[in-house]
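Trainee:
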Amino acid sequence: MPVTFRIEKFEGPLDLLLQLIESEKLDITEISLTGVAEQYVSHVHENKGKIPPEELADFLVVAAKLVYMKSRLLLPSLEDEELDEGPDLATQLREYQRFMQAATELNHTWNAGHIAYARDNRPARKLVPTFAPPPNVDVPMLCTVMERVIARLAPIVKLPQVAMKRIVRIQDKIAELANRLRTMAKFTFASFVSKAKDKQERLVSFLALLELVKQRVVTADQSENFEDIDIAANDLDRLADLKIEFV
Amino acid sequence: MSIPQQIEAILFAAARPLSIKRLAELSAVYVDDAEKALVELEARLVDSGIMLQRAGNEVQLVTRPEHAEAVKQVLKDEIHGELSRPSLEALTILAYRGPLTRPELEQIRGVQSSMILRNLMLRGLIEEKEDVRLGQPLYNVSFDFLRHLGLSSVEELPKFEELRGHQNVTDVLKDLEQDSQDDRDSQDSNVSDQITV
Amino acid sequence: MSIPQQIEAILFAAARPLSIKRLAELSAVYVDDAEKALVELEARLVDSGIMLQRAGNEVQLVTRPEHAEAVKQVLKDEIHGELSRPSLEALTILAYRGPLTRPELEQIRGVQSSMILRNLMLRGLIEEKEDVRLGQPLYNVSFDFLRHLGLSSVEELPKFEELRGHQNVTDVLKDLEQDSQDDRDSQDSNVSDQITV
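Chains as they are written, first to last, in numbering that gives the first Met the number 0: chain A, 0 to 246; chain B, 0 to 196; chain C, 0 to 196.
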């Protein structure tokens, strides 16, 4: 059993991941990432109340990627075009690490107080305002501009709702998996995944699997002869009571 | 550190006349040394577009008279001609939703707006009101500006009620209230790292 | 009349950032000549208490950071507290890699960043640029940010070329990829998938 490091404070999923890797003094490689996958998930699980709702989905995305990477170690034939695309997590994390090192220096400079000042322009305030109407402004324009300002606020105002929607989708998916497990004692993970309609669902499936494995409700095994991972609910009673609250 | 340079920096930033005594204090040198530094600075500035101006015991940095035309033009830029998009936005928000404090206006615009408010004041398009809200001055569009638009009051603006009372605006302003409440709360409980943005 | 001197006088009087294009207009010279004059001015200012600061197409005159202690006393105190971790993260990435769109920033940070961008805009530490990329607004660090660090431009940041250069390589690769792909949407969906899934 590897030593489990407790990370007290983290900002964002990459920050948590980086801290876990660094606390184990590992280089950023695919292998080391899969090595801290479980710790990552339990940290997210334990801190779900402290993570701002609008960021939680991003934490879950990284969890999904980690689980995917780990599944691939067990099951190389398991491929997911969408999860494979874009920069891989190791590359992304190495780049993030370089910026965090730069940020430390930048913070030092910021706090040093070596400020360059512009000329004070307050004296201009003492000038008596001269009415200088702008040539390009009329009443209909004001209306257009105000509508634009209001429209621009929409994403900010709706941010919590959008975040909640993403979270609810994941909760629903986990609940669905529990239901299916209750009715099916055994089915293959790959067949489950293949039924997922889109990337979103596949990610959620991975997460759900991981969560259930963690809670020892199911076991994940790879049989020698089959390419798929068998999933068995080994405690259906417990599963029935399982309070699914990953998020 | 070079005293002439330091004095130059102080005079540059202050943008107003300062006494030689005050300059000496700020640079932590004797008045005689400040005086010497000023002579040195004066000599160096011969090659520059600015110069040292003396009046009695006070000195300040000003532009050389030969650049007066260009300088006048850049100062006029600020108060004449078309409004920039950010200025127009601020003016519009004040027209529909005024009076507002600077933090309220910024909350709606989502952008720091001190320079813009200053500029709109200089152009006489907005006014600082007599009263304050939460210790902050309130701004409104000026009567001159309304008259220029041919309006007798802001209520004549198109869709005035609808846009003034729009939920998005009300919601972000509520966030601001909440934030300042949170600030007060966290200051009480001393959770300072929670509030640094 | 010497153009570097005139440009110095204009910047001095303006007391705010000006575009090189506007400087050229005010001095009645071509942009190239204004650019040359700025280089000359920069060289002359090495011996002075002030320096030229550059960000994008704009320049302004500011005091040299080594005089901050003395200069601070003649100005109204600026309130720029400490930077929180998320602010620092976003600012560092934008300083080295800017201008960036929100999805690009989120790709590097790995987390949703609309609130942090909004907070930094409200504090005046970043600015939204006029132009867009793939339909998304571009963000860059502001003059106020540079001033607080005492930098004349982002290029003075430690390891600037190294951290920035990487991006150029990535861009080239991306472009190549793009060229070889008929499907124009793929890049858009790449970026947004990283963020929204």
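Glycine residues also receive a C-beta, built at the ideal position from the N, C-alpha and C atoms.
Decide if A:A61 is buried, meaning its Cβ has at least 16 other Cβ atoms within 10 Å, or exposed.
Mentor: Within the first sequence, numbered from 1, the residue matching residue 61 of chain A stands at position 62. In the sequence on display, residue 61 of chain A carries Val and not Ala. Label assigned to A:V61: buried.
Trainee: Please list, in chain order, all residues of the same chain as C:Y29 whose beta carbon is under 8 Å from its beta carbon, the five residues on each side excluded.
Mentor: Residue mapping note: residue 29 of chain C aligns to position 30 of the third sequence, counting from 1. Within the same chain, C:Y29 has close Cβ partners A23.
Trainee: Can you tell which of A:R97, A:V138 and A:T108 has the C-alpha that lies nearest to the C-alpha of C:G164?
Mentor: By 1-based counting over the third sequence, the position of residue 164 of chain C is 165. Comparing Cα-Cα distances from C:G164 to each of A:R97, A:V138 and A:T108, the minimum goes to A:R97.
Trainee: Quick check: the Cα distance between A:Q18 and C:P157, rounded to an integer number of angstroms?
Mentor: The residue labelled residue 18 of chain A in the question sits at position 19 within the first sequence. The residue labelled residue 157 of chain C in the question sits at position 158 within the third sequence. Approximately 23 Å between the Cα atoms of the pair.
Trainee: Are the beta-carbon atoms belonging to C:N56 and C:S26 less than 9 Å from one another?
Mentor: Indexing the third sequence from 1 puts residue 56 of chain C at position 57. Indexing the third sequence from 1 puts residue 26 of chain C at position 27. Their beta carbons are not under 9 Å apart, which means C:N56 does not touch C:S26 by this criterion.
Trainee: Identify, in the order they occur along the chain, each residue of the same chain with its Cβ nearer than 7 Å to the Cβ of A:F9, setting aside the five sequence neighbours on each side.
Mentor: Counting from one through the first sequence, the residue named residue 9 of chain A turns up at place 10. Cβ within range, chain order: L15 and Q18.
Trainee: Under 9 Å, do B:P16 and B:R43 count as touching if we go by C-beta distance?
Mentor: Stepping through the second sequence from its first residue, residue 16 of chain B is reached at position 17. Stepping through the second sequence from its first residue, residue 43 of chain B is reached at position 44. Going by C-beta atoms, B:P16 is not nearer than 9 Å to B:R43.
Trainee: Here's the rule: buried if 16 or more other CB atoms are within 10 angstroms of the residue's CB, otherwise exposed. What is B:L104?
Mentor: Within the second sequence, residue 104 of chain B is the residue found at index 105, counting from 1. Classification of B:L104: buried, given that the 10 Å Cβ count is 16 or more.
Trainee: When the Cβ atoms of the region 97-113 of chain B are set against those of the region 124-137 of chain B, are three or more pairs found closer than 8 Å?
Mentor: With a cut-off of 8 Å, the region 124-137 of chain B and the region 97-113 of chain B count as touching, because enough Cβ pairs lie within range.
Trainee: Count the other CB atoms, across all protein chains shown, that sit within 10 Å of the CB of A:I30; report buried if there are 16 or more and exposed otherwise.
Mentor: As a first step, residue 30 of chain A is located in the first sequence; it is residue number 31 there, counting from the start. Flag for A:I30 reads exposed.
Trainee: Quick one: grab the DSSP three-state call for B:K128.
Mentor: Taking the first residue of the second sequence as 1, we reach residue 128 of chain B at position 129. Three-state result, B:K128: strand.
Trainee: Kindly indicate which residue of A:N46, A:F58, A:I27 and A:E37 has the alpha-carbon position closest to the one of C:R108.
Mentor: Taking the third sequence and counting its residues from 1, the one referred to as residue 108 of chain C is at position 109. For C:R108, the nearest C-alpha among the options comes from A:F58.
Trainee: Once you ignore the five residues that flank C:E41 on each side, which residues in its own chain have a CB closer than 7 Å to its CB?
Mentor: In the third sequence, the residue the question calls residue 41 of chain C occupies position 42. Cβ within range, chain order: L51.
Trainee: Report the residue ranges of all beta strand (DSSP E) runs contained in full by the region 34-99 of chain B; include only those spanning at least 3 residues, in chain order.
Mentor: Counting only runs of 3 or more, we get 49-54 and 57-62.
Trainee: Does C:D32 come within less than 9 Å of chain B when only Cβ atoms are used?
Mentor: As a working note, residue 32 of chain C is residue 33 in the third sequence. Answer no: the Cβ-Cβ gap between C:D32 and chain B never drops below 9 Å.
Trainee: For the region 62-81 of chain B, list every residue whose C-beta sits within 7 Å of some C-beta in chain E, in sequence order.
Mentor: The question asks about chain E, but that chain is absent: this structure's protein chains are A, B and C.
Trainee: Mark A:R147 as exposed unless 16 or more other C-beta atoms lie within 10 angstroms of its C-beta, in which case mark it buried.
Mentor: Numbered from its first residue, the first sequence carries residue 147 of chain A at position 148. A:R147 is exposed by the Cβ-count criterion.
Trainee: In this structure, does DSSP put C:L17 in helix, strand or coil?
Mentor: Numbered from its first residue, the third sequence carries residue 17 of chain C at position 18. C:L17: strand per DSSP, three-state reduction.
Trainee: Going by beta carbon distance, what residues of the same chain come within less than 6 Å of B:I9, once the five residues before and after it are set aside?
Mentor: In the second sequence, counting from the first residue as 1, residue 9 of chain B sits at position 10. Answer for B:I9: L25, listed in chain order.
Trainee: Is any beta-carbon of chain C found at less than 9 Å from that of A:I155?
Mentor: Position 156 of the first sequence, counted from the first residue, corresponds to residue 155 of chain A. At least one chain C Cβ lies under 9 Å of A:I155.
Trainee: In or out: C:R146 buried (at least 16 other Cβ within 10 Å) or exposed?
Mentor: The residue you call residue 146 of chain C lines up with position 147 of the third sequence. With 16 or more other Cβ atoms within 10 Å, it is buried.
Trainee: Going by DSSP, what residue range makes up the beta strand (DSSP E) through B:Y138?
Mentor: Along the second sequence, one-based indexing puts residue 138 of chain B at 139. B:Y138 -> beta strand (DSSP E) spans Q135 to V140.
Trainee: Spatial neighbours of C:F144 within its chain, please: C-beta separation below 6 Å, excluding the five flanking residues on both sides.
Mentor: To locate residue 144 of chain C, count along the third sequence from 1; it is residue 145. Here the set comprises L124.
Trainee: Applying the criterion that 16 or more other CB atoms from any shown protein chain within 10 Å of the CB defines a buried residue, is B:R84 buried or exposed?
Mentor: Numbered from 1 along the second sequence, position 85 holds the residue referred to as residue 84 of chain B. Result: exposed.
Trainee: So, is C:M0 buried or exposed, given that buried needs 16 or more other C-beta atoms within 10 angstroms?
Mentor: Position 1 of the third sequence, counted from the start, is the residue given in the question as residue 0 of chain C. Exposed.
Trainee: Which residues, taken in chain order from the region 80-102 of chain B, show a beta carbon closer than 7 Å to some beta carbon of chain A?
Mentor: Cβ contacts with chain A: E81, L82, L87, E88, T91, I92, A94 and Y95.
Trainee: Could you check how far apart the C-beta atoms of B:G48 and C:F142 are, in whole angstroms? I think they sit under 8 Å.
Mentor: As a position in the second sequence, residue 48 of chain B is number 49, starting the count at 1. As a position in the third sequence, residue 142 of chain C is number 143, starting the count at 1. So it is not a contact: roughly 21 Å between Cβ atoms.
Trainee: Contact defined as beta carbons within less than 8 Å: I believe B:L82 pairs with A:N135. What is the distance between those atoms, to the nearest angstrom?
Mentor: Taking the first residue of the second sequence as 1, we reach residue 82 of chain B at position 83. Taking the first residue of the first sequence as 1, we reach residue 135 of chain A at position 136. The Cβ separation is near 6 Å, so the contact holds.
Trainee: Is A:E54 closer than 9 Å to C:Q111 when the C-beta atoms are compared?
Mentor: Taking the third sequence and counting its residues from 1, one reaches residue 111 of chain C at position 112. Taking the first sequence and counting its residues from 1, one reaches residue 54 of chain A at position 55. Yes; because the gap between Cβ atoms is below 9 Å, this pair is in contact.
Trainee: What is the rounded straight-line gap between the Cα of C:L37 and the Cα of C:I6?
Mentor: Along the third sequence, one-based indexing puts residue 37 of chain C at 38. Along the third sequence, one-based indexing puts residue 6 of chain C at 7. Cα to Cα, the separation comes out at about 8 Å.
Trainee: Verify the CB distance criterion: does C:Q111 have a CB-CB separation below 9 Å to chain B?
Mentor: Along the third sequence, one-based indexing puts residue 111 of chain C at 112. Cβ-Cβ to chain B under 9 Å: no for C:Q111.
Trainee: List the endpoints of the continuous alpha helix (DSSP H) containing A:I114.
Mentor: Residue 114 of chain A sits at position 115 when you count from the first residue of the first sequence. Taken as a continuous stretch (DSSP letters only), A:I114 belongs to no alpha helix (DSSP H), as it is neither H nor E.
Trainee: Please list the partners that B:K35 has in chain A, where partner means a Cβ-to-Cβ separation under 8 Å.
Mentor: The sequence position of residue 35 of chain B within the second sequence is 36, counting from 1. The premise fails here: B:K35 is roughly 24 Å from chain A at the closest Cβ pair, so nothing lies under 8 Å.
Trainee: Could you name the residues of chain C that A:Y116 contacts, counting a contact when the two beta carbons are closer than 8 Å?
Mentor: Counting from 1 along the first sequence, the entry for residue 116 of chain A is found at position 117. Going along chain C in sequence order, the residues near A:Y116 (Cβ under 8 Å) are V61, T62, A67, V70, K71, L74 and R146.
Trainee: Anything in chain A within Cβ reach of B:G123, meaning under 7 Å, just list it in chain order.
Mentor: Here residue 123 of chain B is taken as the residue at index 124 of the second sequence, counted from 1. Ordered by position in chain A, the residues that pass the 7 Å Cβ test against B:G123 are P128, T129, F130 and A131.
Trainee: Around the Cβ of A:W28, are there at least 16 other Cβ atoms within 10 angstroms (buried) or fewer (exposed)?
Mentor: The count along the first sequence starts at 1 and reaches residue 28 of chain A at position 29. It should be pointed out that residue 28 of chain A corresponds to Thr in this sequence rather than to Trp. So A:T28 ends up on the exposed side.
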